[in-house]
Structures are given as structure tokens and as C-alpha cells.
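>
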Amino acid sequence: MATDEENFDDDHESVKEKFIIKDDNKSDETDDEKIDDENSTSQEESSKFFGSKKSFVLVYTLSAMLFNCGGSYTRGIISTLEKQYKLSSTSIGVMYALEDVISGILAIIIPYYTSKGHFPRWISFGLFLLSVSLVLQVVPYAIYGPGRDALALTEEYGSEFNGNLTWERIKRNKLKNLCFENKTTIEDCSDEVKNEYQFATTIIAIASSFAGCGQQFFSTLGTTYLDNNIKRSKIPLIYSAHRFVRLLAPAIGLNTASFFLKFYVAPHLHPTINNKDPRWIGAWWGGYIILAIASILLVPILAKFPRMLPRAVERKRTKGEQLLENVEKPSIQDLFDTIKRLLTNKTYFCNTMAAIFYVFGFIPYGYFMQKYLQIQFLLSPSFANAMTGSVSFVASAVGLLTAGIVITIFKPRARYLAGWNIVTSFISALGLIAFGFVGCPANNNAEILRNSLESARCNMDCHCDFVKYSPVCGIDGVTYISACHAGCHDDFKFKNGT
Numbered sequence: 001m002a003t004d005e006e007n008f009d010d011d012h013e014s015v016k017e018k019f020i021i022k023d024d025n026k027s028d029e030t031d032d033e034k035i036d037d038e039n040s041t042s043q044e045e046s047s048k049f050f051g052s053k054k055s056f057v058l059v060y061t062l063s064a065m066l067f068n069c070g071g072s073y074t075r076g077i078i079s080t081l082e083k084q085y086k087l088s089s090t091s092i093g094v095m096y097a098l099e100d101v102i103s104g105i106l107a108i109i110i111p112y113y114t115s116k117g118h119f120p121r122w123i124s125f126g127l128f129l130l131s132v133s134l135v136l137q138v139v140p141y142a143i144y145g146p147g148r149d150a151l152a153l154t155e156e157y158g159s160e161f162n163g164n165l166t167w168e169r170i171k172r173n174k175l176k177n178l179c180f181e182n183k184t185t186i187e188d189c190s191d192e193v194k195n196e197y198q199f200a201t202t203i204i205a206i207a208s209s210f211a212g213c214g215q216q217f218f219s220t221l222g223t224t225y226l227d228n229n230i231k232r233s234k235i236p237l238i239y240s241a242h243r244f245v246r247l248l249a250p251a252i253g254l255n256t257a258s259f260f261l262k263f264y265v266a267p268h269l270h271p272t273i274n275n276k277d278p279r280w281i282g283a284w285w286g287g288y289i290i291l292a293i294a295s296i297l298l299v300p301i302l303a304k305f306p307r308m309l310p311r312a313v314e315r316k317r318t319k320g321e322q323l324l325e326n327v328e329k330p331s332i333q334d335l336f337d338t339i340k341r342l343l344t345n346k347t348y349f350c351n352t353m354a355a356i357f358y359v360f361g362f363i364p365y366g367y368f369m370q371k372y373l374q375i376q377f378l379l380s381p382s383f384a385n386a387m388t389g390s391v392s393f394v395a396s397a398v399g400l401l402t403a404g405i406v407i408t409i410f411k412p413r414a415r416y417l418a419g420w421n422i423v424t425s426f427i428s429a430l431g432l433i434a435f436g437f438v439g440c441p442a443n444n445n446a447e448i449l450r451n452s453l454e455s456a457r458c459n460m461d462c463h464c465d466f467v468k469y470s471p472v473c474g475i476d477g478v479t480y481i482s483a484c485h486a487g488c489h490d491d492f493k494f495k496n497g498t
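By this note's numbering, the letter at position 329 of the sequence shown is numbered 329, and the numbering carries on one by one without gaps.
(1) Going by alpha carbons, who is nearest to alanine 397 out of Lys262, His242, Ala107 and Ala354?
(2) Counting only the same chain and skipping the five closest in sequence on each side, list residues whose C-beta sits under 6 Å from that of tyrosine 96.
(3) Using DSSP bridges, identify the partner residues of glycine 282.
(4) Quick check on proline 412: does DSSP put it in helix, strand or coil?
(5) For the putative contact between isoleucine 203 and leucine 136, defined by C-beta atoms under 8 Å, what is the C-beta separation to the nearest angstrom?
(6) Assign proline 271 to one of three DSSP states: helix, strand, or coil.
(7) Tell me whether the beta-carbon of isoleucine 77 lies closer than 7 Å to the beta-carbon of leucine 153.
(8) In angstroms, rounded to a whole number, what distance separates the CA positions of isoleucine 296 and phenylalanine 128?
(9) List the DSSP bridge partners of threonine 154.
(10) Does DSSP classify phenylalanine 305 as helix, strand or coil?
(11) What does a CB cutoff of less than 7 Å around isoleucine 230 pick up in its chain, not counting 5 residues either side in sequence?
(12) Under a three-way DSSP split, which group does isoleucine 230 fall into?
(13) From which residue to which residue does the alpha helix (DSSP H) around histidine 118 run?
(14) Just to confirm my understanding: we take threonine 338, look at its own chain, exclude 5 residues before and 5 after, and list those with CB closer than 8 Å. What are they?
(15) Rounded to a whole number of angstroms, what is the C-alpha to C-alpha distance between alanine 257 and isoleucine 281?
(16) Return helix, strand or coil for glycine 487, following the three-state DSSP convention.
(17) Can you grab the Cα-Cα spacing for the pair leucine 291 / valine 391, in whole Å?
(18) What's the call for serine 47, buried or exposed, on a 16-neighbour Cβ count within 10 Å?
(19) To the nearest angstrom, how far is the alpha carbon of serine 124 from that of alanine 150?
(20) Buried or exposed for cysteine 69, going by 16 or more other Cβ atoms inside 10 Å?
(21) I need the straight-line Cα distance from histidine 268 to tyrosine 157, nearest angstrom please.
(22) Check the C-beta distance from glycine 286 over to phenylalanine 260 and give it rounded, since I have them as a contact under 8 Å.
(23) What is the DSSP secondary structure of leucine 297, reduced to helix, strand or coil?
(24) Enumerate in chain order the residues of its own chain whose CB-to-CB distance from cysteine 213 is below 7 Å, with the five nearest sequence positions on each side excluded.
(25) So, are the CB atoms of phenylalanine 146 and alanine 200 less than 7 Å apart?
Spelled out as C-alpha cells, the structure:
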């Protein structure tokens with residue numbers, strides 16, 4: 001009897017295990033189906049996202065905003081770069097002019113040779129080049145650090161700075177700012193004339209070249225892709241909305257520069273001056289890191305968009321047009337023929353020349369406006385950037401949105417639009433000319449210069465031409481460009497620390 005019961009129990013357990021196994025198999029099949037459904041749904045959603053013109057406009061606009069942010073951020077920190085690496089405005093202008101030179105050269109080649117390629121991938125490549133440019137901008141700081149002048153203005157390095165150097169070297173550096181009748185400008189200023197940061201300027205120039213190259217891939221092909229995939233009737237409104245969002249870039253870039261310049265170039269140290277002091281060097285490198293990370297994240301997203309959006313494909317098929325035109329292989333001769341055809345088009349040629357002269361006038365304004373405000377009105381770099389970015393954004397945003405709405409609704413003729421462009425360009429030119437008559441003739445900078453003239457009795461025969469800007473307050477209560485301009489012959493410290 002016991003044996004029968006045991007056999008029954010064994011059979012029961014065996015049957016139970018079979019059912020459990022079957023249930024487990026059923027459960028596994030259900031899980032697999034769920035995973036397949038989820039993957040299928042995910043792929044459909046992904047396909048739907050990357051097949052939408054709204055998605056492309058959104059991603060492309062955000063990417064364009066980052067592009068413009070990089071440029072406006074650079075304009076906001078130019079005066080700080082000059083102090084950090086002892087650069088002149090001429091050097092800065094030449095370095096950043098490379099971006100426009102490279103961009104201008106590639107403007108002829110890139111659109112022609114990539115016209116039948118996969119536009120979104122080329123556009124993402126342009127954004128990648130921007131990311132490389134932004135990373136390269138930080139390399140000089142990674143190599144040189146805050147710099148000796150900046151470290152000397154911190155509590156940690158103030159009196160013991162350059163401890164590895166001999167006392168004679170420290171004394172010699174201090175004597176550079178003092179007055180000596182026998183001082184020769186060539187010998188004593190050789191260290192100043194030799195740019196110890198020459199490698200840094202080279203890196204910045206290379207970064208500018210990468211940005212110029214990326215600009216052509218991104219902007220030229222991006223505009224063409226929008227034009228090829230969106231209905232003609234919707235282009236003015238979408239393009240104005242795209243430009244409106246891009247206009248956030250100068251405001252964001254300049255305000256980001258304003259934010260980072262409030263922090264010292266070495267944030268972990270404690271400076272003995274505040275950000276209103278002319279010797280202050282802000283953390284100019286911080287914004288580049290943020291912009292580089294944001295740009296890199298958008299690169300793979302842009303590359304996943306199709307060669308042609310689905311609705312554009314349907315429209316072409318409906319009209320009986322070929323999706324991909326059969327064209328000859330690009331050649332140098334065909335390139336020159338295309339350029340000749342464009343140059344002989346009077347409307348295109350005149351419009352292009354007008355744009356060139358317009359940009360020629362406004363690029364210096366864009367790059368050096370912040371520095372102009374700092375020098376002419378004694379504003380801090382942080383405040384000058386915040387003010388410029390906010391004002392330009394409001395005016396440009398109102399103009400673009402108004403233009404997009406008016407063109408979409410009223411559809412004015414090309415002649416009227418050209419006339420309106422002439423009027424607004426003329427007013428803009430008058431505004432630029434007006435800057436020459438606006439200023440503060442009695443500001444402190446003017447007083448400093450007047451007090452520091454070589455004709456003053458206190459600094460006669462001092463040879464202060466090449467002494468760097470290091471303002472001091474004389475015993476007479478007057479501010480001078482440097483101790484040399486004040487006629488100081490020696491350097492010592494009072495009990496109060498001055």
C-alpha cells in the first residue's frame with residue numbers, strides 16, 4: 001500500500017512538473033512576444049520621429065543654436081583671451097578671420113561635391129567639426145593653466161608665487177614696471193615681445209579653422225535639405241521660426257560668457273581682486289566644455305535622418321519626378337561652369353555682393369562690441385556681454401517673426417522685399433556710423449592716459465612704452481597706467497600690505 005502511495009505521489013509530482021514546465025514555456029513565449037512588440041513599437045516610433053519634418057527642424061534648429069552659441073560665446077570672452085595670452089586685437093582678428101576664410105573657400109566646393117550625397121550625415125559631420133573646434137579652444141588652458149599673472153593675484157600664490165625661481169628673477173620681473181633712465185625698450189621688453197603663448201594662439205587658430213569648415217557643411221547643406229523637403233508655401237514661416245530660435249544663440253552665448261566670467265580663471269583658488277578689477281581673468285574655458293558636450297550629443301541624432309523625408313518622397317512620386325536625378329559625376333570643369341553661370345546671373349550676383357558688404361561691416365561689430373563697451377564705458381566683461389546679448393536678441397527676434405508672418409500672409413513681390421532690405425540696411429549702416437560719435441570723453445580711462453603721458457615730469461626718461469597695463473594709485477591720489485608711469489624707482493611693501 002505504501003508503495004502504491006509512493007508511486008502515486010511520484011506520478012503526481014511528475015504531472016505537476018510537466019504543467020509547471022508548460023506554464024513556464026507559455027510565460028517565456030508571452031515575454032518574447034512582449035519584447036518583440038515593444039521593439040516593434042520602439043522602431044515605429046523611432047521611424048516616425050526621424051521621418052518627420054518637424055523633428056528635423058527641431059533637431060537642426062537646436063544644433064544651429066549651438067553653432068551660433070559657440071560664435072557669440074567666443075565674442076564674449078575675446079577681451080579675456082587677450083589678457084590671458086597677451087594678445088593684441090589684431091592677432092585676435094587674424095585668428096578668428098580664419099573661420100571666415102575657410103568658410104568662404106569651402107562655400108564653393110562643398111555644396112557642389114555633396115549635392116547628391118546623404119545630406120543629414122554631412123550636416124552631422126559639420127556639427128562634429130564644431131565639437132572638435134570647441135574642445136580645441138579649451139586645450140590652451142589645459143596646457144598652460146591659469147597663467148602666472150592670474151595665479152599671482154590669489155591668496156594661495158600671492159607672496160610665494162614662482163617659489164621655484166630665484167629671488168633675482170622675481171626682482172627682475174618687478175623692476176620691469178619701474179622707472180629707469182637707462183632702460184632700453186628692446187632689451188628689457190624682449191620677454192614681452194616674444195609671445196610665450198605662441199602655441200596657444202596656434203591652437204586657437206586651428207580651432208577657428210575647424211569651425212569655419214563645419215559651418216559650411218552644416219549651414220549650406222542644412223538650408224538645402226529644408227528647401228528640398230518642405231512645401232514652398234510653408235518655407236517662409238518655418239524658416240523664420242528656425243531663425244527665431246537660432247536668435248536665442250547670441251543671447252545664450254553672451255549670457256553664458258557673462259556667467260562664467262564672474263568666476264575666476266582658477267575656480268579652486270581664492271583671488272584677491274573682484275571681477276570689476278581690470279586684471280580680473282574669468283573662467284572663459286567653462287562655456288566651451290558645456291557647448292562641446294551638447295554638440296556631441298546631437299551629432300548621432302542628426303545622422304539618423306533619412307536622405308529624403310517620406311512626405312517629400314510622396315510629393316515627388318505624385319508629380320512623377322525622379323527621386324534621385326541621374327547626373328554626371330562631379331568634375332572641375334563642371335564646377336567652373338556652374339560658378340560662371342551664377343556670376344552671370346545679375347540678381348544673384350548683386351544680392352551676394354550686398355550680403356558680403358553687409359557682413360564685412362557687421363563682423364567687426366559683432367566681435368569687438370563687448371570690448372568697445374568695456375573700454376569706452378568702463379563696463380565689466382560680464383555686464384557688457386549680458387547687456388549686448390539681451391538687446392540684440394529682442395530686436396532680431398521681433399524683426400524675424402514679423403517678417404515671417406508678413407511674407408506668409410501677404411506674399412509680397414520680390415521687388416518690394418528687395419526695397420525693404422535696402423531701407424533696413426541703410427538704417428543699420430547709420431547706426432554703426434553713429435558709434436563714432438557716442439562715448440564718455442571724461443571717463444577714468446581718459447584721465448589715466450592723461451596722467452600717464454610721457455610728457456609728465458614724474459615719468460620723464462622712464463621709457464614706459466612697453467610696460468604692461470598695471471594701474472596704480474599715486475601718493476597724489478591720481479591713477480596711473482603703471483608704477484613706471486607714476487615715476488616709481490623702487491618697490492617695497494608697507495605694513496598695511498600695499
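Each residue gets a CB set at the ideal place from its N, CA and C atoms; glycine is no exception.
Walking through what the data contain:
(1) His242
(2) Ser208
(3) Tyr264
(4) coil
(5) 6 Å
(6) In this structure, DSSP gives proline 271 an extended state, which the three-state scheme calls strand.
(7) For the 7 Å CB-CB criterion, isoleucine 77 and leucine 153 do not form a contact.
(8) 6 Å
(9) Pro271
(10) coil
(11) Lys53 and Ile238
(12) coil
(13) First-last for histidine 118: undefined, no H or E at that position.
(14) Tyr112
(15) Distance between the alpha carbons of alanine 257 and isoleucine 281: 12 Å.
(16) Under the three-state reduction of DSSP, glycine 487 is assigned to coil, being neither helix nor strand.
(17) 22 Å
(18) exposed
(19) 38 Å
(20) Classification of cysteine 69: buried, given that the 10 Å Cβ count is 16 or more.
(21) 12 Å
(22) Confirmed, Cβ separation roughly 4 Å.
(23) helix
(24) Annotation for cysteine 213: Ile102, Leu106 and Leu129 place their beta carbon closer than 7 Å to its own, counting only its chain and skipping 5 residues before and after.
(25) The displayed chain sequence assigns proline, not phenylalanine, to residue 146. Contact: no.
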